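Everything below concerns the one structure shown next.
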Amino acid sequence: GEDVEQSLFLSVREGDSSVINCTYTDSSSTYLYWYKQEPGAGLQLLTYIFSNMDMKQDQRLTVLLNKKDKHLSLRIADTQTGDSAIYFCAPRTRGSTLGRLYFGRGTQLTVWP
Amino acid sequence: DTGVSQDPRHKITKRGQNVTFRCDPISEHNRLYWYRQTLGQGPEFLTYFQNEAQLEKSRLLSDRFSAERPKGSFSTLEIQRTEQGDSAMYLCASSSRTAREEETQYFGPGTRLLVL
Chain A
6 GEDVEQSLFL
16 SVREGDSSVI
26 NCTYTDSSST
36 YLYWYKQEPG
46 AGLQLLTYIF
56 SNMDMKQDQR
66 LTVLLNKKDK
76 HLSLRIADTQ
86 TGDSAIYFCA
96 PRTRGSTLGR
106 LYFGRGTQLT
116 VWP
Chain B
69 DTGVSQDPRH
79 KITKRGQNVT
89 FRCDPISEHN
99 RLYWYRQTLG
109 QGPEFLTYFQ
119 NEAQLEKSRL
129 LSDRFSAERP
139 KGSFSTLEIQ
149 RTEQGDSAMY
159 LCASSSRTAR
169 EEETQYFGPG
179 TRLLVL
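Structure representation (structure tokens):
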């Protein structure tokens with residue numbers, strides 16, 4: 006299977022940018038997703054990037070993909086207190102059966118006012 | 069609301085009891101996934117359906133777990149003889165190959181199970 010690693014915690018001040026990093030092991034990953042999870046809730050899809058792209062911008066979100074290093078990052082511009090949550094990157098690999106996603110432990114983002 | 073729904077949202081049960089959870093996917097989605105998330109961890113894949121066929125089961129899915137999707141719409145996940153280690157959030161997700169966002173999985177709110 007795929008191993009996914011993320012830093013467990015990130016703290017930023019409101020208005021600053023946040024950068025959440027993710028590394029994965031399977032170079033055949035095709036789509037790489039970012040999900041957000043608020044306390045006690047399910048996962049909310051934020052954005053995704055296809056493996057033949059190296060950058061994708063979606064409003065305040067910028068995803069960067071370094072396929073050679075198997076490194077993915079999510080930048081949140083002008084971070085707000087409402088962005089406080091756990092963020093998961095989730096690769097979907099070509100080898101994975103029928104689209105299952107692999108998750109790491111996620112990054113807890115705390116935004117201070 | 070046309071998102072994925074799950075019922076119940078919370079379940080408390082005593083060890084040894086059976087529990088059943090339901091998931092209603094987004095209506096046009098033919099693929100349905102179950103994941104389990106324990107405290108402080110990311111979701112782990114349990115099983116997958118395409119229409120009514122269960123096509124994959126994780127090693128995490130012991131004999132006490134069974135999932136069905138009888139008409140290719142809603143799905144149920146049953147846990148028999150629950151154990152304290154089954155306490156977790158059970159998440160359902162659905163996807164469709166026909167969408168532009170190919171295979172993007174949309175998650176429901178989850179069912180939080182506590183086994184006493």
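Sequences listed follow chains A and B, in order.
The opening position of the first sequence corresponds to residue 6 in the working numbering, with each subsequent residue numbered one higher.
The opening position of the second sequence corresponds to residue 69 in the working numbering, with each subsequent residue numbered one higher.
Note that CB positions come from ideal geometry on N, CA and C, so glycine has one too.
For clarity, every value in this text was computed on a predicted model and none was experimentally measured.
In this structure, 155(B) is the residue among 178(B), 155(B), 171(B), 160(B) with its C-alpha nearest to the C-alpha of residue 83(B). Between the beta-carbon of residue 72(B) and that of residue 175(B) there is about 6 Å, and that keeps the pair under the 8 Å contact cut. In the three-state reduction of the DSSP assignment, residue 152(B) falls in the helix class, which pools H, G and I.
Close CB contacts of residue 81(A) within its chain, under the 7 Å cut and outside five residues either way in sequence, are with 22, 23, 65, 66, 88 (chain order). Note that the C-beta distance between residue 25(A) and residue 112(A) is below 8 Å. Taking 8 Å as the CB threshold, residue 171(B) lines the interface with chain A. The closest CA to that of residue 15(A), considering only 70(A), 84(A), 104(A), 97(A), is found on 84(A). Comparing alpha-carbon positions, the option among 73(A), 18(A), 92(A), 29(A) lying closest to residue 58(A) turns out to be 73(A). The C-beta separation of residue 133(B) from residue 145(B) comes to about 7 Å, placing the pair in contact by the 8 Å criterion.
Less than 8 Å divides the Cβ of residue 28(A) from the Cβ of residue 10(A). The beta carbons of residue 95(A) and residue 106(A) sit about 4 Å from each other, so the pair counts as a contact at 8 Å. Residues of chain B whose Cβ lies closer than 7 Å to the Cβ of residue 50(A) are, in chain order, 172, 174.
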